[in-house]
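Protein chains: 2
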Amino acid sequence: MPTSPFKTEAILERPLTLAAAQLGPIARDATRAAVVARLVALLEQAAARGCRLVVFPEMALTTFFPRWHIDDEDEVTAFFETDMPNAAVAPLFDSAARLGIGFYLGYCEQVGSGEGRRRYNTAILVDAAGNIAGKYRKVHVPGNPVYDPALKLQHLEPWYFADGDLGFPVFDCLGARIGLLICNDRRWPEPWRVLALQGAELVLLGYNSPAQLPDNPRQNALRTEHHQLPMRAAAYQNGLWVVATAKAGHEEGCDMMGGSCVIAPSGEVVAISSTLGDELLVYTADLALTVEYKKFFDFAQYRRPVAYRLISERQGVGEPLDRAAWQKSLET
Amino acid sequence: MPTSPFKTEAILERPLTLAAAQLGPIARDATRAAVVARLVALLEQAAARGCRLVVFPEMALTTFFPRWHIDDEDEVTAFFETDMPNAAVAPLFDSAARLGIGFYLGYCEQVGSGEGRRRYNTAILVDAAGNIAGKYRKVHVPGNPVYDPALKLQHLEPWYFADGDLGFPVFDCLGARIGLLICNDRRWPEPWRVLALQGAELVLLGYNSPAQLPDNPRQNALRTEHHQLPMRAAAYQNGLWVVATAKAGHEEGCDMMGGSCVIAPSGEVVAISSTLGDELLVYTADLALTVEYKKFFDFAQYRRPVAYRLISERQGVGEPLDRAAWQKSLET
Numbered sequence: 020m021p022t023s024p025f026k027t028e029a030i031l032e033r034p035l036t037l038a039a040a041q042l043g044p045i046a047r048d049a050t051r052a053a054v055v056a057r058l059v060a061l062l063e064q065a066a067a068r069g070c071r072l073v074v075f076p077e078m079a080l081t082t083f084f085p086r087w088h089i090d091d092e093d094e095v096t097a098f099f100e101t102d103m104p105n106a107a108v109a110p111l112f113d114s115a116a117r118l119g120i121g122f123y124l125g126y127c128e129q130v131g132s133g134e135g136r137r138r139y140n141t142a143i144l145v146d147a148a149g150n151i152a153g154k155y156r157k158v159h160v161p162g163n164p165v166y167d168p169a170l171k172l173q174h175l176e177p178w179y180f181a182d183g184d185l186g187f188p189v190f191d192c193l194g195a196r197i198g199l200l201i202c203n204d205r206r207w208p209e210p211w212r213v214l215a216l217q218g219a220e221l222v223l224l225g226y227n228s229p230a231q232l233p234d235n236p237r238q239n240a241l242r243t244e245h246h247q248l249p250m251r252a253a254a255y256q257n258g259l260w261v262v263a264t265a266k267a268g269h270e271e272g273c274d275m276m277g278g279s280c281v282i283a284p285s286g287e288v289v290a291i292s293s294t295l296g297d298e299l300l301v302y303t304a305d306l307a308l309t310v311e312y313k314k315f316f317d318f319a320q321y322r323r324p325v326a327y328r329l330i331s332e333r334q335g336v337g338e339p340l341d342r343a344a345w346q347k348s349l350e351t
Numbered sequence: 020m021p022t023s024p025f026k027t028e029a030i031l032e033r034p035l036t037l038a039a040a041q042l043g044p045i046a047r048d049a050t051r052a053a054v055v056a057r058l059v060a061l062l063e064q065a066a067a068r069g070c071r072l073v074v075f076p077e078m079a080l081t082t083f084f085p086r087w088h089i090d091d092e093d094e095v096t097a098f099f100e101t102d103m104p105n106a107a108v109a110p111l112f113d114s115a116a117r118l119g120i121g122f123y124l125g126y127c128e129q130v131g132s133g134e135g136r137r138r139y140n141t142a143i144l145v146d147a148a149g150n151i152a153g154k155y156r157k158v159h160v161p162g163n164p165v166y167d168p169a170l171k172l173q174h175l176e177p178w179y180f181a182d183g184d185l186g187f188p189v190f191d192c193l194g195a196r197i198g199l200l201i202c203n204d205r206r207w208p209e210p211w212r213v214l215a216l217q218g219a220e221l222v223l224l225g226y227n228s229p230a231q232l233p234d235n236p237r238q239n240a241l242r243t244e245h246h247q248l249p250m251r252a253a254a255y256q257n258g259l260w261v262v263a264t265a266k267a268g269h270e271e272g273c274d275m276m277g278g279s280c281v282i283a284p285s286g287e288v289v290a291i292s293s294t295l296g297d298e299l300l301v302y303t304a305d306l307a308l309t310v311e312y313k314k315f316f317d318f319a320q321y322r323r324p325v326a327y328r329l330i331s332e333r334q335g336v337g338e339p340l341d342r343a344a345w346q347k348s349l350e351t
């Protein structure tokens, strides 16, 4: 593994060599076996390059089907996993355990059946022994619950997925305290803060994001900036590392963003992918760098939660609090 | 007022021509009269350039004295205003009313006397008729409450100032819903969100920030980035305009950052100061641009406050919530 003389593991205090395992497009009719073979190939490459942790994208086993309103229930069901692990992903789990590599995997999860059936946009964290160490279900499900003919780009995640119901948990794994987020979660400051208030040092995130927004064309030139900006701010404000991994490229007629990246607790993008295909982006993160920023912001000394109550008391925009209302809110 | 043919007020939907009125250094022994004369000169320039709102820095009437531990109580008291307006600032209020310009002014506020005396780092919003439309007292007071000989740079704000006790209010003024923040507040995501949950379209902020951090030298190269990053993310995530104004330059042996700026709801820095002295940075903001981003994030549809409770329940980092604790938290 070639490293700069200034960045060898030997001089890092708490090094963790990790990778964003970016995927190029997955066809609508791709088999699980074909996709899993691509994931295993990236894992093998990660092992050869000294990685201990690999981050696959959101919905890494299938095409991003919420771009369609699919009426064929059999086709929809086929995009979901009812067990994890299962026979189709066994080669991935087996390879990871054999290679001693942990991984983040995004997939579509189906729980129960009939009236009790629930579907989630899910990510799991698997430890270096091949055991599931943690699970997260996407809380910020973007888009519309129904097909809207007025929109040029459909994004029907709420039609397919229920809101995540596991909160924002953290997991101690691979020597780090790790949080999991998925795609759109990255644009909201709250999940990052909730993870940091539980001590998160490293947040893993997979995404499927259109490269252009034909319904908001003024934002097109800013897509990469709007992808990085909230994650960079969150890394800095919470003193944590971020690994964000894309499903990229031209998938079923839709151009998906690349730009898989590693972000340091300084808020700097320290590594970024250079293709729109299957690509392993390797970086050795020093977890000790979180300390400087966590100390700089010293939540216990400087946060003022009593003044933040509207964040958890309100969902949408409401009336301004007048002076009396603020006084009451701050005193009780 | 020269404007680009692509950015005349005529084609903006809700134009507001505003200015960051950056100040160069203020000496420890500067008189109020001398400082106020500088503010008035910037106001006159703002009027000539068509501004309706001017944003002065934090502590715009005095030097940034928290860099010293001052034992002479008379000298300390002289840095504070016990009334606002008062005779010393009357020329500023009179000029603004005469010119029909509103302004943000940061100053040191003393309330009461004896045991009941309180001192705050305060900002006011004055409307175009010269009336005080709103007041904010800084909530995130950075630095240390006591002199620490181990530090190369002292920052003793908590020794001088109590925490702000007015919450994060918004004010309807000059046709906009306006929030006020001060300096270090900009680095925390919570105040921005609390303002946005009350409909803020424009946030005004003054600051005094050292250009270098000799006690955190790795951050020195990132000072400007760390100044802009959280404000840019906040502008984007909350769909609002930001005007941030520096006290800049070499003040009493300390180099202060410049970089006064205007930030659009896109998160872009659309105007930035070019000196470290008294400088008027003028920009015509279209308040209507807030709509696109507020709609994109649609808090009422997409925020999930029940999952954000730790933000207002915890001050510092605490134990992770396990699955049962998350379930309980989300259900009650």
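Residue numbers (my numbering), protein chains in the order written: chain A, 20 to 351; chain B, 20 to 351.
The beta carbon of each residue, even a glycine, is placed where N, CA and C say it ideally should be.
Mind listing the chain B neighbours of residue i? Cutoff is C-beta to C-beta under 9 angstroms, in chain order.
{"i": "His-245/A", "result": "Tyr-255, Ser-285 and Gly-286"}
{"i": "Val-189/A", "result": "Pro-339 and Leu-340"}
By the criterion of Cβ-Cβ separation under 8 angstroms, what are the contact partners of residue i in chain B?
{"i": "Ile-120/A", "result": "By Cβ distance, chain B contributes nothing, its closest Cβ being about 24 angstroms from Ile-120/A, past 8 angstroms."}
{"i": "Leu-241/A", "result": "Ser-285, Gly-286 and Glu-287"}
{"i": "Ile-330/A", "result": "Glu-209, Arg-212, Val-213, Leu-216, Pro-324, Tyr-327, Ile-330 and Ser-331"}
{"i": "Pro-161/A", "result": "Tyr-321"}
Could you check what DSSP says for residue i in three-state terms: helix, strand or coil?
{"i": "Asn-140/B", "result": "strand"}
{"i": "Cys-202/A", "result": "helix"}
{"i": "Glu-94/B", "result": "helix"}
{"i": "Gly-218/B", "result": "coil"}
{"i": "Ile-330/B", "result": "helix"}
{"i": "Trp-207/A", "result": "coil"}
{"i": "Thr-22/A", "result": "A caution first: Thr-22/A carries a pLDDT of 49, below 50, which makes its placement in the model too unreliable to give a value."}
{"i": "Arg-323/B", "result": "coil"}
{"i": "Asp-274/A", "result": "strand"}
{"i": "Pro-188/A", "result": "coil"}
{"i": "Trp-260/B", "result": "strand"}
{"i": "Val-288/B", "result": "strand"}
{"i": "Thr-294/B", "result": "coil"}
{"i": "Ile-197/A", "result": "strand"}
{"i": "Gly-335/B", "result": "coil"}
{"i": "Pro-104/B", "result": "coil"}
{"i": "Phe-99/A", "result": "coil"}
{"i": "Pro-34/A", "result": "strand"}
{"i": "Ala-56/A", "result": "helix"}
{"i": "Arg-342/A", "result": "helix"}
{"i": "Leu-349/B", "result": "helix"}
Anything in chain A within Cβ reach of residue i, meaning under 7 angstroms, just list it in chain order.
{"i": "Asp-184/B", "result": "Leu-349"}
{"i": "Arg-156/B", "result": "Simply none; closest approach about 11 angstroms."}
With DSSP as the reference, please indicate the residues paired to residue i in a beta bridge.
{"i": "Lys-266/A", "result": "Leu-42/A"}
{"i": "Phe-318/A", "result": "Answer by DSSP bridge pairing: none, since Phe-318/A is not bridged."}
{"i": "Gln-129/B", "result": "Arg-138/B"}
{"i": "Tyr-226/A", "result": "Ala-265/A"}
{"i": "Phe-112/B", "result": "DSSP, once it has assigned bridges, lists no residue as partnering Phe-112/B."}
{"i": "Ile-282/A", "result": "Val-261/A and Val-288/A"}
{"i": "Leu-299/A", "result": "Ala-40/A"}
{"i": "Gly-121/B", "result": "Leu-72/B"}
{"i": "Ala-304/A", "result": "Leu-35/A"}
Applying a beta-carbon distance threshold of less than 8 angstroms, which residues of chain A neighbour residue i?
{"i": "Ala-319/B", "result": "Gln-334, Gly-335 and Val-336"}
Residues of chain B with CB closer than 7 angstroms to the CB of residue i, please, in chain order.
{"i": "Ala-252/A", "result": "Leu-248, Pro-249 and Ala-252"}
{"i": "Val-310/A", "result": "The contacting residues do not exist; Val-310/A stays about 12 angstroms from chain B at best."}
{"i": "Trp-178/A", "result": "Within 7 angstroms Cβ-Cβ: nothing; Trp-178/A doesn't reach chain B, min ~14 angstroms."}
{"i": "Asn-235/A", "result": "Glu-311 and Phe-315"}
List the whole-angstrom C-beta distance separating residue i from residue j, where the pair is believed to meet the contact cut-off of C-beta under 8 angstroms.
{"i": "Ala-343/B", "j": "Gly-186/A", "result": "With 8 angstroms as the limit, Ala-343/B and Gly-186/A do not qualify as a contact, their Cβ atoms being about 11 angstroms apart."}
{"i": "Val-74/A", "j": "Leu-111/A", "result": "Going by Cβ atoms, the distance from Val-74/A to Leu-111/A rounds to 13 angstroms, so no, they are not a contact pair."}
{"i": "Cys-280/A", "j": "Ile-291/A", "result": "5 angstroms"}
{"i": "Leu-349/A", "j": "Asp-184/B", "result": "7 angstroms"}
Given that residue i touches chain A, what residues does it touch there, using C-beta distances under 9 angstroms?
{"i": "Pro-34/B", "result": "Residues of chain A passing the Cβ test: none, with the nearest at roughly 17 angstroms."}
{"i": "Trp-345/B", "result": "Asp-184, Leu-185, Gly-186, Phe-187 and Pro-188"}
Q | Entirely enclosed beta strand (DSSP E) segments - the region 146 to 182 of chain B, minimum 3 residues | A | Here the runs fully enclosed are 151 to 156.
Q) Any residues in the region 75 to 106 of chain B with a beta carbon nearer than 8 angstroms to a beta carbon of chain C? Which ones, in chain order? A) Judged by its chain identifiers, the structure shown contains no chain C, and its protein chains are A and B.
Q) Taking the runs of the beta strand (DSSP E) that are 3 residues or longer, which of them lie wholly in the region 58 to 82 of chain B? A) For the region 58 to 82 of chain B, whole beta strand (DSSP E) runs of length 3 or above, ordered along the chain, are 72 to 74.
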